[in-house]
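A.B. asks:
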Amino acid sequence: MSETLQYWASVFTILSVISNRQTPNHRDHLSIPECFDILTTVGKYSNAHMSVPSLQLEFRYDPSCMIAFSRRIVRHGVHEVEGDWIAWAWYMRDSVHIYAGVPTCRWA
């Protein structure tokens, strides 16, 4: 693991990739609540929106958009999108910190 860590160029321990799919409103229970997760989008698409029902908000989710929040605390979802798109979700997971023998995060 220590060999991999010297080449890992991110403070985040996990990267998930989502492509061309709708995600119902949910929370990500494997994410650490104390940290902000970052979602980034790319593609040729239109009419994308991210809903955050617990805060009664809805955001335009255009290409090259970046959104940061605690996905474990805040329910969120993406409605059906017209076109092709990819979203990267960067986040932390305690199990990786424990495995690597590094301290867990504190509140952001």
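If you're matching positions, the sequence shown starts at 1 in full-length UniProt numbering and goes up one per residue.
Note that CB positions come from ideal geometry on N, CA and C, so glycine has one too.
What number of angstroms, rounded off, separates the C-alpha of S64 from the C-alpha of P53?
C.D. replies: Going by the C-alpha atoms only, they are around 23 Å apart.
A.B. asks: Suppose contacts are defined by Cβ-Cβ distances below 7 Å. Is W88 in contact with T40 by that definition?
C.D. replies: Taking 7 Å as the Cβ cut-off, W88 and T40 qualify as a contacting pair.
A.B. asks: What would DSSP say about Y91, mapped onto helix, strand or coil?
C.D. replies: Correct three-state label for Y91: strand.
A.B. asks: Are there 16 or more other CB atoms within 10 angstroms of the CB of residue 116, so buried, or fewer, so exposed?
C.D. replies: Absent from the structure is residue 116, since the part of the chain shown begins at 1 and ends at 108.
A.B. asks: Between R93 and E82, what straight-line distance do the alpha-carbon atoms span, to the nearest angstrom?
C.D. replies: Each residue's alpha carbon lies about 32 Å from the other.
A.B. asks: From S46 to D62, what does the alpha carbon distance come to, in whole angstroms?
C.D. replies: Spanning the two alpha carbons is a distance of roughly 7 Å.
A.B. asks: Alpha carbon to alpha carbon, what distance is there between M50 and H79?
C.D. replies: If I take the Cα positions, the gap works out to 7 Å.
A.B. asks: Less than 7 Å between the C-beta atoms of D28 and R72, yes or no?
C.D. replies: Yes, these two residues count as a Cβ contact at 7 Å.
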